[in-house]
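Participant:
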Amino acid sequence: MTDLLKYNPETGVLSWAKPRGGVKVGKAIGSRHAHGYLQMTFMGKKYLVHRFIWDLVHPDDKLGPGEEIDHINHVKDDNRLCNLRKVKRLGNCQNVGRSKRNTSGVTGVSFDPISQKWVAQIKCDGEYTFLGRFTNFGDAVEARKNAERELGFHENHGMPEQAGVRKEDT
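Structure, rendered in structure tokens:
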């Protein structure tokens, strides 16, 4: 299998190493999946490219049941090896980009128009924890960030998609 494919860990590009079915050597593998990830078909089976790359590069540490690949910087097609990490589902949920619907600019902090206070909350392992109501926005943010640290959230959690190092930076 590895003689047919070539992976560049610095660029994150998986490409063909040998001509195959009209495909040219060096052509990048993968098309955009509905959720933004790259997908591919290899030997008649569909794969998400980042999962395929992980198993290709880590033959002794392949993905098992309940394991996922987290794109550290939230860029779903950035498959550089330094941007991929193997995690359980909970670990992946602890490094999620900020929602496009977010209006406060901070994940887990929102303004309650009834109480006229900032509300901080956090969701971990499927359960919401109320962190308090605050007059001051900064206090609500601090409560949220403290909870993220205590629960082991990744430092990029809640950052926009462009957070961290991007392809252009290499």
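Residue 1 is where the sequence shown starts when you use the UniProt record's numbering, and the numbers rise one by one after that. Just so it is clear, CB atoms sit at the ideal spot from N, CA and C, and this is done for glycine as well. Just so we're clear, the structure is a prediction, and the values are computed from it rather than from any experiment.
#1: Using only CA atoms, which one of ASN79, ASN102 and HIS71 lies nearest to PRO9?
#2: Round the Cβ separation of ALA147 and ILE122 to the nearest angstrom and send it over; I've been treating them as touching at under 8 Å.
#3: Report the rounded CA-to-CA distance for GLY30 versus VAL49, giving the unit in angstroms.
#4: Mind checking ARG20: buried by the 16 CB within 10 Å criterion, or exposed?
#5: Starting from ASN8, trace the alpha helix (DSSP H) in both directions and tell me its first and last residue.
#6: Counting only runs of 3+ residues fully inside the region 79-153, write out the beta strand (DSSP E) ranges in chain order.
#7: From the DSSP output, read off the bridge partner residues of LEU48.
Facilitator: In short:
#1: When only C-alpha atoms are compared, the closest one is ASN79.
#2: Indeed, because the Cβ distance is near 5 Å, the residues count as touching under 8 Å.
#3: Their Cα atoms are separated by approximately 7 Å.
#4: Flag for ARG20 reads exposed.
#5: For ASN8, there is no enclosing alpha helix (DSSP H); the enclosing beta strand (DSSP E) covers residues 5-8.
#6: List check, beta strand (DSSP E) in window: 84-88, 109-112, 117-124 and 127-134.
#7: According to the DSSP secondary-structure assignment, LEU48 is paired through a beta bridge with GLN39.
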